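> Got a structure for you, questions after.
2 protein chains.
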Amino acid sequence: MAKALRTQDKIIVAAEKLFSEHGFEQTSLRQITSEAEVNLASVNYHFGSKKALIQAVMARYQSVFMPALAEQLYQLQKNPEQVSTEDVLACVMQPMIALRQVRVDGPVIYLRLLGYAYSEIQGHLRKFTMTNYGEIVHEFFQLIQQANPNVCPKTLFWRLHFSLGAMLFAQTSSQALREIAAADFGEETQAEETLLKLLPFVAAGISAAEPDVES
Amino acid sequence: MAKALRTQDKIIVAAEKLFSEHGFEQTSLRQITSEAEVNLASVNYHFGSKKALIQAVMARYQSVFMPALAEQLYQLQKNPEQVSTEDVLACVMQPMIALRQVRVDGPVIYLRLLGYAYSEIQGHLRKFTMTNYGEIVHEFFQLIQQANPNVCPKTLFWRLHFSLGAMLFAQTSSQALREIAAADFGEETQAEETLLKLLPFVAAGISAAEPDVES
DNA sequence: CCTTATTTAAAACGACCGTTTAATTAAGGT
DNA sequence: ACCTTAATTAAACGGTCGTTTTAAATAAGG
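Chains B and U, in that order, give the protein sequences.
Mapping of the first sequence onto the working numbering: residues 2 to 216, in sequence order.
Mapping of the second sequence onto the working numbering: residues 2 to 216, in sequence order.
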């Protein structure tokens, strides 16, 4: 028989699913506890508050993703002369796939959670990420700079956030967009295919030549 | 003396400000009517519902932006042999600036509203836009296809939405990002400069060569 | 077996939401 | 002046939210 999940785990599993589908603020504790088939009060008993539950959900993915990303960046830094933008971006793929060990659909869940986290609680997640994994983010940025020595750091800063926006937007509205795409082009697009389509777009945008400015 | 605004206009002005700052669902009618210094019930009296108020706010900008965009696209279509992706994208700049006639900070307001509209009520705004201005959107898409004959339409569909995500994300979190950028790079970045930085990024991403796929 | 601590269950709390009602005031036409 | 229509006001309604409280069930230990 399948292993019986403890109440905390049932809550986490249900919360991840509903948060990723409808966002944090649009998901009520009653929806979560109903989906998990546990009592409403058990969320506050086990996690203290809804906010703490959100952080617990996010931390579970970050604690897997970020160390995996650090390892990929470390491997890339071994021969730092010949790194391309695509190489650096590709470093996020394996950590994404590693999220399957958290949950079979972990990659999709995590990306959607990220999207909602950024669009809803804006600064909170960034602060959380930077205080816990700021070093890894810094390394990533340094490698991107190294791969694009002819683009000034300030421009790269903005282009990385443009890329983040493209990814998060595509994921949070991926279901609606995939439906539209299916209606317009007949064939269906898988969620993973969306990520694969994103990489060349982002790589080209980051490495684009800077327009001449009269100064 | 300044012209006295009617109740409807006071509601619209307050709603635009609060919607663009906190999103649609996070802004209550009580906040709006308090900011506008009108009675709570007047929203439902003049607009019928909160949903109708949201549509009225969006329609006010779309009715200025979309015809202006149509005019720009029409001008571009006069010599359709030599259109570049940058040319097509540049068509959105003048209509953006035209939004100053709606409100001095109209361009920023509209972009933020767009961002929240897409991330919150997802399908609703798209349906509204397509039924009213579907022809203009279609022309825009056709010109993008024309400028990129070697990229398949499905890929272009996704890349346009990636671009939309990059733009909307940059705008909704532009204030926080500009503060971070100022702290990291010393100099400040203006909101308009953000849009200018976006264009080459998006243009390069849209026109990027498609990776080879084994089929 | 009884006592104690832990976990679950159900109900209620206070707050805020969008909306509606009913009463009052202002405005416009004849 | 009057009457009719429009606009504004204050109050309340039904509903959902996160959280807390209260009581019951369960588990553990001597």
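Ideal Cβ placement from N, Cα and C applies to all residues, glycine included.
What you are looking at is a predicted structure, and each value in this text was computed from that prediction instead of being measured.
For L197(U), count the other beta carbons within 10 Å of its own beta carbon; 16 or more makes it buried, fewer makes it exposed. Which is it?
In the second sequence, counting from the first residue as 1, residue 197(U) sits at position 196. By the neighbour-count rule (16 or more Cβ atoms within 10 Å), L197(U) is not buried but exposed.
> What residues from chain B crowd round L169(U), counting only those whose CB sits closer than 7 angstroms?
As a first step, residue 169(U) is located in the second sequence; it is residue number 168 there, counting from the start. Within chain B, the residues near L169(U) are G166 and F170.
> Can you name the start and end residues of the alpha helix (DSSP H) that K51(B) belongs to?
Stepping through the first sequence from its first residue, residue 51(B) is reached at position 50. Segment K51 to L77, the alpha helix (DSSP H) holding K51(B).
> Kindly indicate if chain U contains any beta-carbon less than 8 angstroms away from that of S216(B).
Here the question's residue 216(B) lines up with position 215 in the first sequence. With a pLDDT of only 49 at S216(B), under 50, the local geometry of the prediction cannot be trusted, and no value is derived from it.
> Enumerate in chain order the residues of its own chain whose CB-to-CB distance from A37(B) is below 6 angstroms, with the five nearest sequence positions on each side excluded.
In the first sequence, counting from the first residue as 1, residue 37(B) sits at position 36. Taken in chain order, the residues that qualify are K11, I12 and A15.
> Report the residue from R160(U), Q27(U), E180(U) and V105(U) whose alpha carbon sits nearest the alpha carbon of F142(U).
Numbered from its first residue, the second sequence carries residue 142(U) at position 141. Taking only the C-alpha atoms, the option nearest F142(U) is R160(U).
> Apart from the five residues on each side of it in sequence, which residues of its chain come closer than 6 angstroms, Cβ to Cβ, to M67(U)?
Stepping through the second sequence from its first residue, residue 67(U) is reached at position 66. Taken in chain order, the residues that qualify are Y134 and I137.
> Distance cutoff 8 angstroms, beta carbons only. Does R160(U) sit that close to anything in chain B?
Counting from one through the second sequence, the residue named residue 160(U) turns up at place 159. Yes, contact with chain B.
> Counting C-beta neighbours from all protein chains within 10 Å, is the total for E180(U) 16 or more, i.e. buried, or is it exposed?
What you label residue 180(U) is simply residue 179 of the second sequence in a count that begins at 1. Exposed, by the Cβ-count rule.
> Are any of the Cβ atoms in chain B nearer than 8 angstroms to that of T154(U)?
For the purposes of this step, residue 154(U) is taken as residue 153 along the second sequence, with counting starting at 1. The sequence given here has Pro at residue 154(U), not Thr. True, the Cβ-Cβ gap to chain B drops below 8 angstroms.
> With burial defined as no fewer than 16 other Cβ atoms inside 10 Å of the residue's Cβ, what is the status of E17(B): buried or exposed?
By 1-based counting over the first sequence, the position of residue 17(B) is 16. It counts as buried.
> Keeping to the same chain, check which residues put their C-beta closer than 8 angstroms to that of Y119(B); ignore five residues upstream and five downstream.
By one-based count along the first sequence, residue 119(B) stands at place 118. Taken in chain order, the residues that qualify are L126, R127, L165 and L169.
> Suppose contacts are defined by Cβ-Cβ distances below 8 angstroms. Is I145(U) in contact with V109(U) by that definition?
Taking the first residue of the second sequence as 1, we reach residue 145(U) at position 144. Taking the first residue of the second sequence as 1, we reach residue 109(U) at position 108. The answer is no: Cβ separation not under 8 angstroms.
> Mapping DSSP to helix, strand and coil, what is L90(U)?
Stepping through the second sequence from its first residue, residue 90(U) is reached at position 89. Note: L90(U) maps to helix in three-state DSSP.
> Measuring straight from C-alpha to C-alpha, what distance separates D213(B) and Y75(U)?
Working through the first sequence from its first residue, we reach residue 213(B) at position 212. Working through the second sequence from its first residue, we reach residue 75(U) at position 74. In a straight line, the C-alpha of D213(B) is about 28 angstroms away from that of Y75(U).
> With a 10 Å radius around its C-beta and 16 neighbouring C-beta atoms as the bar for buried, classify I55(U) as buried or exposed.
As a working note, residue 55(U) is residue 54 in the second sequence. Buried: at least 16 other Cβ atoms inside 10 Å.
> Along chain B, in chain order, which residues have C-beta atoms closer than 9 angstroms to that of V242(U)?
The structure shown does not extend to residue 242(U), since chain U is modelled only from 2 through 216, so no value can be given for it.
> Where Q172(B) and H47(B) are concerned, what is the direct C-alpha to C-alpha distance, given to the nearest angstrom?
Taking the first residue of the first sequence as position 1, residue 172(B) is located at position 171. Taking the first residue of the first sequence as position 1, residue 47(B) is located at position 46. Distance between the alpha carbons of Q172(B) and H47(B) is about 30 angstroms.
> Taking 8 angstroms as the CB-CB cut-off, is K52(B) touching chain U?
As a first step, residue 52(B) is located in the first sequence; it is residue number 51 there, counting from the start. Cβ-Cβ to chain U under 8 angstroms: no for K52(B).
> Thinking just about the alpha-carbon of each residue, which of P96(U), Q95(U), T86(U) and R104(U) is nearest to the one in A148(U)?
The residue given as residue 148(U) occupies position 147 in the second sequence. Taking only the C-alpha atoms, the option nearest A148(U) is T86(U).
> At least one CB of chain B closer than 8 angstroms to the CB of F25(U): is that the case?
Working through the second sequence from its first residue, we reach residue 25(U) at position 24. For F25(U), the answer is no, since every Cβ of chain B falls outside 8 angstroms of its Cβ.
> Let me know the secondary structure DSSP gives F20(U) once reduced to three states.
For the purposes of this step, residue 20(U) is taken as residue 19 along the second sequence, with counting starting at 1. Residue state, collapsed to three classes: helix.
> Let me know the secondary structure DSSP gives T34(U) once reduced to three states.
Within the second sequence, numbered from 1, the residue matching residue 34(U) stands at position 33. T34(U): helix per DSSP, three-state reduction.
> Buried or exposed: A199(B), going by 16 or more other Cβ atoms within 10 Å of its Cβ?
In the first sequence, residue 199(B) corresponds to position 198, counting from 1. According to the sequence provided, residue 199(B) is Leu. The question's Ala does not apply to it. Looking at its Cβ environment, which holds 16 or more other Cβ atoms inside 10 Å, L199(B) is buried.
> Output needed for L19(B): all residues of its chain with C-beta closer than 8 angstroms, excluding positions within five of it in sequence on either side, in chain order.
As a working note, residue 19(B) is residue 18 in the first sequence. The residues are T28, Q32, I33 and E36.
> Excluding sequence positions up to five away, which residues of its chain have a Cβ less than 6 angstroms from the Cβ of G107(B)?
Position 106 of the first sequence, counted from the first residue, corresponds to residue 107(B). L100 and R101.
> Per DSSP, what kind of secondary structure is Q95(B) in: helix, strand or coil?
Looking up residue 95(B) in the first sequence gives position 94. Three-state result, Q95(B): helix.
> Grab the span of the alpha helix (DSSP H) containing T28(B) for me, first residue to last.
Along the first sequence, read from residue 1 onward, the residue named residue 28(B) stands at position 27. Looking at the DSSP string, T28(B) is not in any alpha helix (DSSP H), and its letter there is neither H nor E.
> Contact defined as beta carbons within less than 8 angstroms: I believe A167(B) pairs with A167(U). What is the distance between those atoms, to the nearest angstrom?
In the first sequence, the residue the question calls residue 167(B) occupies position 166. In the second sequence, the residue the question calls residue 167(U) occupies position 166. Contact flag correct, Cβ pair sits at about 4 angstroms.
> Nearest-angstrom Cα distance between T195(B) and R104(B)?
In the first sequence, the residue the question calls residue 195(B) occupies position 194. In the first sequence, the residue the question calls residue 104(B) occupies position 103. When rounded, the distance between both Cα atoms is 20 angstroms.
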